[in-house]
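Structure first, commentary second.
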Amino acid sequence: MKQRVNALLRDKFNCDVILEKPKDRSFGHFATPIAFSLAKELRKSPMAIAEEIATSFNESEMFSAVESVKGYINFRLSESFLDEYASWALSHGDQFGSSDKKGSILLEFVSANPTGPLHIGHARGAVYGDTMLRLGRHLGYDITAEYYVNDAGNQIDLLGVSLQLEGRSSLLGESVEWPEKYYRGEYLSDLAKEVVTLFGEEALRDESRQKELALWAKDKILALIVEDLAAINVHFDTFVGEASLYNEWDRVMAKMGEGVYQNEGKTFIRSSDLGDDHDRVVVREDGRPTYLAGDIIYHNQKFERGYDDYINIWGADHHGYIARVKAAISFLGYDSSKLEVLLSQMVSLLKDGEPFKMSKRAGTVILMSDVVEEIGAEALRFMFASKKCDTALEFDIEELKRQDSSNPIYYIQYAHARIQTLISKSEKSMDEIMSSHLHGLSADADGLLFEALLLPEIIEDAFESRQAQKVPDYLKVLAGRLHKFYYDTRIIGTEDEAKLLKLLLVVALSIKTGLSLLGIQAKDRM
RNA sequence: GCGUCCGUAGCUCAGCUGGAUAGAGCACCGGUUUGCGGUACCGGCGGUCAGGGAUUCGAAUUCCUUCGGGCGCACCA
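When you read off a place in the first sequence, starting at 1, and then add 1, the result is the number in our numbering.
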């Protein structure tokens, strides 16, 4: 809708015009302060310019009024335009707000190590990534959702050790000496039990079998992670294992050329040439590659697959890592600006105002599955999607368990359900409703319709600015307008019934579409 | 110390391509239709947009600076 208005204005002014939504709807649907910026150029007062521009729109069919007020130019869309647009939206169903954007994107997110279940911080990245995925796909981008599995290196060795020790300690009752670093948690003793039934007790004591057990456990844990993600409606297209990439090693190193050098028996990358604090070790003296090595071959592989753009969603604790990965990409001969790294900040939980402690067995980590069990997948998704991901976040579990207006997800679902109830109560046929014309609407009805029709620009704005929270914000506002309208306006049995229901169908469509882009299904009944 | 993200109502957060009177939910106080789901609606209370400076018609929004907080600063992942 805004695009159509914008296109018209662009023709007129030969440049992009800033269009904003006035806070006070009595000013119209859109407004622009363009007269202020033209004032200097034209050496006239903003008010005179605005007046002149406004009158030049008198003939336009798109607007019922264009007025200048204190230098602003306010546009009021005509009813015929709004009605036509509403019909167009309804005929597109769940494709409303979709677009034909071109371009392929490789979106990597979550990528949690397969050494334990997902915690609450992973959940934020998962929800944010999946929301961007849904928004981008709705807009037409060809996006691949990828999970990078760190199935090589120290953490896998550590997993094998931890598994054996946990089994010997909790199942066999042996007293064991714990190393400085090891994994712990209920999942490990569950896995140890399985080890005993599958491989026998001896497998827990045989150090030569650590690697074998670790790789076995890694697959089991990854399956657990996939299951946890499915529970919040997050799915990946591809999984790339770090270990599988190392046969490319020599070729990739050759490709890096002057970007790497040898010193004291180690291999370094010249990342300090490209903005990093200092050069980084890629291969240690004993020949073992570092974590960065895996990421170098992984990113080489990504770029060889030839996407137009790359997005990585990382936890904020990885932000120091961006410079070196980008340096590697440049040395490999690719355009590192094609990689966009989005950071999701830390999460902490409150329960009734107190820090939320999980079971002792799970250690200090707050498991995502525990939170899902407490508040449900929808509330979790909505909560994470509603916050900018670059702000550290605290939230209270109890608030999200409530089922009233204090819990936005119920508030929005209830708005959708109310509309469905009205539709089913009405004796009007769908044809009758759809063929009615939205004219003679009250100011409230007009405002509600306009809000509902804004969905497409909200989706585009949210995706392009990478600010997923714009969608939930919009849905809250739209639901609020619906509830107020419902309270103020009698619908069933009035002479306006058909056209008001058409209006409400547009609202329901936007709510349903918006929710589905958040991975949440709209409810017809509560 | 360096880098980075942040600082908006008592709390949790929106608003930040510079624009009209700074918003919402929670909390607290008080109201509401003989009308389709009261899981709703309305009103009140509550602000030095952390402090200071700069830019300009105009700053919560841009820039500089001080203060305060989170997260990094590995041959760990």
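The beta-carbon is built from N, C-alpha and C at its ideal position, and this holds for glycine as well.
| request: For L91, collect the residues of the same chain with a Cβ closer than 7 Å to its Cβ; drop the 5 residues on either side in sequence, then sort them by chain order. | output: M435, L506, V507 and L510
| request: Locate the beta strand (DSSP E) running through F76, then write down its first and last residues. | output: Y73 to L78
| query | Taking one C-beta from the segment 242-256 and one from the segment 146-157 each time, how about it: are there three or more such pairs within less than 8 Å? | reply | yes
| Boundaries (first-last residue) of the alpha helix (DSSP H) holding G130 | I121 to H139
| alpha helix (DSSP H) segment containing A49, residue limits | P47 to T56
| query | To which residues of the same chain is W179 closer than 8 Å at the C-beta, ignoring the five residues directly before and after it? | reply | L166
| request: Measure the alpha-carbon distance for Y487 versus F58 and round it to whole angstroms. | output: 35 Å
| task | Pull up the CB-CB distance for L9 and M63, whole angstroms please, since I reckon it's below 8 Å. | result | 6 Å
| Taking one C-beta from the segment 443-451 and one from the segment 364-379 each time, how about it: are there three or more such pairs within less than 8 Å? | no
| task | Assign E452 to buried or exposed, taking buried as 16 or more other Cβ atoms, counted over all protein chains shown, within 10 Å of its Cβ. | result | buried
| message | Please report the straight-line C-alpha distance between T514 and K389, rounded to a whole angstrom. | response | 21 Å
| Buried versus exposed call for D296 [16 or more other C-beta atoms within 10 Å across all chains shown] | buried
| query | Can you list, in chain order, the residues of its chain whose CB lies under 6 Å from that of A124, leaving out five sequence neighbours each side? | reply | M369
| query | Which class does E208 belong to by DSSP, given the choice of helix, strand or coil? | reply | helix
| said: Measuring CB atoms only, is the segment 215-224 touching the segment 275-295, in the sense that at least three cross pairs come out at less than 8 Å? | reply: no
| request: Jot down the residue ranges of each uninterrupted beta strand (DSSP E) in the segment 445-518, minimum 3 residues, whole runs only, in chain order. | output: none
| Cβ contact (3+ pairs, closer than 8 Å) linking the segment 338-351 and the segment 304-322 | yes
| query | Do G168 and V205 come within 8 Å of each other at the CB atom, strictly closer than that value? | reply | According to the sequence as given, residue 205 is Leu; it is not Val. In contact: L205 and G168 (Cβ atoms closer than 8 Å).
| request: Could you pull out every residue in the same chain whose Cβ sits closer than 8 Å to the Cβ of R419, ignoring the five residues on either side in sequence? | output: L483, H484 and Y487
| query | In terms of alpha-carbon separation, which member of E60, S27, F14 and M2 lies closest to L39? | reply | F14
| Between the Cα of A317 and the Cα atoms of F110, E53, R271 and T33, which residue gives the shortest distance? | F110
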